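Numbering-wise, the sequence shown is residues 8 to 121 according to our numbering. Data block below; observations after.
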Amino acid sequence: MESNSILNTTGPLLHIVFFWLKEPKNNTHRAEFETAIKKLIDNNPQAIANHLGCPANSEKRDVVDNSFTYCYTMIFNSLDDQNDYQTDQTHTLFIEEASHLWERVLVSDSVNIT
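Shown next as structure tokens:
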């Protein structure tokens, strides 16, 4: 079986974004980031569900990485909706308002196995 044969481009699609702020203990920066991302959450026309969170106090194990500052997860109906989101003004505004606050961003997209 070729690896491409298991790829699915239909939905739903989970778009999971991890943010590491430059100064994660700076409450002013955290408030600024949260204000910007909440505008995105409230006004994103493509996502059908959202989750914004911080690292859980889960058991420390080699496979657990909770070094990030925030995790933002969106669910889209399709890959096309996620692609539209990338150029949507709500997304570009969030980047304009908050990108100076983070030092690293990691994105993982996932679709159901069919």
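Even for Gly, the Cβ is constructed at its ideal location relative to N, Cα and C. A quick note: this is a predicted structure, and the numbers were derived from the prediction, not measured.
Judged by their CB atoms, Ile55 and Tyr79 are not nearer to each other than the 8 Å cut-off.
Counting every other CB atom within 10 Å of its CB across the protein chains shown gives Asp72 a total below 16, marking it as exposed. A straight-line Cα-Cα distance of about 22 Å links Thr94 and Trp27. Put simply, the backbone Cα of Lys32 is about 11 Å away from that of Ala38.
By the 16-neighbour rule on beta-carbons within 10 angstroms, Gln53 is buried.
Met81 and Val118 have their C-alpha atoms spaced approximately 12 Å apart. As computed with DSSP, Asn57 is found in a beta bridge with Met81. In the DSSP annotation of this structure, the continuous segment of the alpha helix (DSSP H) that includes Ile44 starts and ends at Asn34 to Asn50. Residue His36 holds the alpha-carbon nearest to the alpha-carbon of Ser106 among Arg68, Gly60 and His36. Phe75 sits in coil when the DSSP states are folded into three classes, being neither helix nor strand. In the DSSP annotation of this structure, Asp116 is not part of any alpha helix (DSSP H); the continuous beta strand (DSSP E) holding it starts and ends at Trp109 to Val118. Thr42 and Leu20 have their alpha carbons spaced roughly 25 Å apart.
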